[in-house]
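Quick notes on the structure that follows.
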Amino acid sequence: MTGWRCGFVIGSQDFIAPMALLQEGLTSSLPGFVQEAAVAAIEGPQTAVEEMVASYARRRELMVERINVIEGLSLLRPAATFYAWVNVSEWGLDSWELATQLLEKHNLATIPGSAFGPAGEGYLRLTFAVSDETINTACDRLEAFAAAR
883 MTGWRCGFVI
893 GSQDFIAPMA
903 LLQEGLTSSL
913 PGFVQEAAVA
923 AIEGPQTAVE
933 EMVASYARRR
943 ELMVERINVI
953 EGLSLLRPAA
963 TFYAWVNVSE
973 WGLDSWELAT
983 QLLEKHNLAT
993 IPGSAFGPAG
1003 EGYLRLTFAV
1013 SDETINTACD
1023 RLEAFAAAR
């Protein structure tokens, strides 16, 4: 269901009420098929979910291992997402400039942390919701950029 943007919250009314106000301004008219898929995903067999969780965990470890040996980069192991926030501050470029150079010089598309606000500066956001081959290719390109600096 990645990308379908369906979620739910369990909690007290005091906790949930402010969220409902925020949600009204963010989304509307969630398609019925997405709602039905969410119910099936929660209530149905969990084998596929367990396999996907294991796959994400394996790919997360691959990315953490590959990133953390590249000079000037560091990555803390993400606990609950398939996004990796790579600390690039030692490379001395703002995240937007770095993302631009990686794209133009090494054909590597990344998201500058600053796209998510000032606290994201000094980071790039990568995903490991891709194949091992794609993770390895991305890390090879980061290594090439580091070597060319």
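The opening position of the sequence shown corresponds to residue 883 in the working numbering, with each subsequent residue numbered one higher.
The beta-carbon is built from N, C-alpha and C at its ideal position, and this holds for glycine as well.
Just so it is clear, the structure is predicted and the values come from calculations on it, not from any experiment.
- Here L985 is exposed, its C-beta having fewer than 16 other C-beta atoms within 10 Å.
- The beta-bridge partner set that DSSP reports for R1007 consists of W967 and I993.
- A Cβ-Cβ separation of about 10 Å leaves V968 out of contact with I993 under the 8 Å criterion.
- For Y1005, the number of other beta carbons within 10 angstroms of its own is at least 16, and it is reported as buried.
- In the three-state DSSP reduction, S956 falls in the strand class (E or B).
- The alpha carbon of L912 has as its nearest neighbour, out of V935, C888 and D896, the alpha carbon of C888.
- Counting of Cβ neighbours within 10 angstroms places I1017 among the buried residues, the total reaching 16 or more.
- The region 924-934 makes no contact with the region 896-906, as fewer than three CB pairs between them are under 8 Å.
- Between the region 946-963 and the region 1022-1030, the count of Cβ pairs shorter than 8 Å is three or higher; the stretches touch.
- Here A1001 has no same chain residue with a Cβ atom under 7 Å from its own Cβ, once five neighbours each way along the sequence are excluded.
- Put simply, the backbone Cα of S894 is about 32 Å away from that of A939.
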